[in-house]
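Residues 677 to 849 in my numbering are what the sequence shown lists, from first letter to last.
Glycine is no exception: its CB is placed at the ideal position from the N, C-alpha and C atoms.
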Amino acid sequence: MTTTTDVTTQVYRVYINAPAQKIWDTITTPEWNRRYGYGAPQFYELKPGGAYRATASDAMNDYHRAHGLPELDTIGDGEILECDPPRRLVQTWRMLMDPTTAAEPFTTLTYEIAEVPAQPGVHRLTVVHDVTGAPATAALTGGSLEDTGAGGGWPWVLSDLKSLIETGKGFTA
677 MTTTTDVTTQ
687 VYRVYINAPA
697 QKIWDTITTP
707 EWNRRYGYGA
717 PQFYELKPGG
727 AYRATASDAM
737 NDYHRAHGLP
747 ELDTIGDGEI
757 LECDPPRRLV
767 QTWRMLMDPT
777 TAAEPFTTLT
787 YEIAEVPAQP
797 GVHRLTVVHD
807 VTGAPATAAL
817 TGGSLEDTGA
827 GGGWPWVLSD
837 LKSLIETGKG
847 FTA
């Protein structure tokens with residue numbers, strides 16, 4: 677007999693040798709967040725009740741045009757629930773570019789940035805993604821669909837973010 681346990685909360689942690697404000701800005705400003713992960717510019721209205729919107733990158737639309745698919749505009753959306761710069765950001769999150777994830781409920785995404793006490797200047801970025809009721813989103817963000825071409829999820833995004841901040845170059849730069 678096989679039993680399946682649905683993961684409802686994903687937790688990822690990365691240590692970055694940079695000030696908290698630099699990490700915050702890299703997450704929340706399109707000038708920076710378009711340079712890592714999947715290259716999708718993300719826009720935040722940084723106040724409770726504010727909007728979150730991720731837009732398609734040029735590379736995403738190049739791929740769509742090359743495969744006869746319609747161009748994309750907004751690929752993700754949500755609402756800011758908590759905002760305490762540069763320490764904590766909580767938002768709802770939904771991926772719209774796939775019909776299956778778009779049909780799922782909003783998930784809750786939390787970014788926490790804290791200095792490592794024993795290593796001044798080094799900060800721990802923790803991402804907690806509550807994907808309750810959203811199994812397709814969980815598979816996508818967990819990276820389990822990487823071999824199908826869907827990307828490496830949060831592990832990829834956070835590794836690329838760290839590389840960009842510490843070296844000035846992301847994986848695809």
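Cβ neighbours of residue i in the same chain (closer than 8 Å, five flanking residues each side left out)
i	result
residue 689	800, 801, 802 and 803
residue 657	Within the shown structure, residues of the chain are numbered from 677 to 849, placing residue 657 beyond reach of any answer.
residue 677	Since pLDDT at residue 677 reaches only 40, below the 50 mark, its modelled position is unreliable, and the value read off the structure follows with that caveat. Cβ neighbours of residue 677 beyond the five flanking positions: none.
residue 839	712, 845, 846 and 847
Neighbourhood of residue i by C-beta, 7 Å cutoff - its chain only, sequence neighbours within 5 removed
i	result
residue 723	756 and 759
residue 679	Here residue 679 scores only 39 on pLDDT, less than 50, and its place in the model should not be relied on; the value that follows carries that caveat. Within the same chain, residue 679 has no close Cβ partners at all.
residue 817	686, 805, 807, 829 and 830
residue 781	809 and 810
Beta-carbon spacing of residue i, residue j below 8 Å
i	j	result
residue 712	residue 846	yes
residue 777	residue 750	no
residue 785	residue 769	yes
residue 783	residue 815	no
residue 789	residue 700	yes
residue 715	residue 848	yes
residue 844	residue 693	no
residue 833	residue 691	no
Neighbourhood of residue i by C-beta, 6 Å cutoff - its chain only, sequence neighbours within 5 removed
i	result
residue 704	720
residue 766	757, 758 and 786
Buried or exposed by the 16-neighbour rule on C-beta atoms within 10 Å, applied to residue i
i	result
residue 745	exposed
residue 702	buried
residue 697	exposed
residue 718	buried
residue 732	buried
residue 795	exposed
residue 728	buried
Identified DSSP bridge partners for residue i
i	result
residue 685	806
residue 692	799
Return the chain-ordered ranges of every beta strand (DSSP E) run that is complete within the segment 779 to 805 and spans a minimum of 3 residues. 783 to 791
Entirely within the segment 706 to 772 and at least 4 residues each: give me those alpha helix (DSSP H) ranges in chain order. 706 to 709 and 734 to 742
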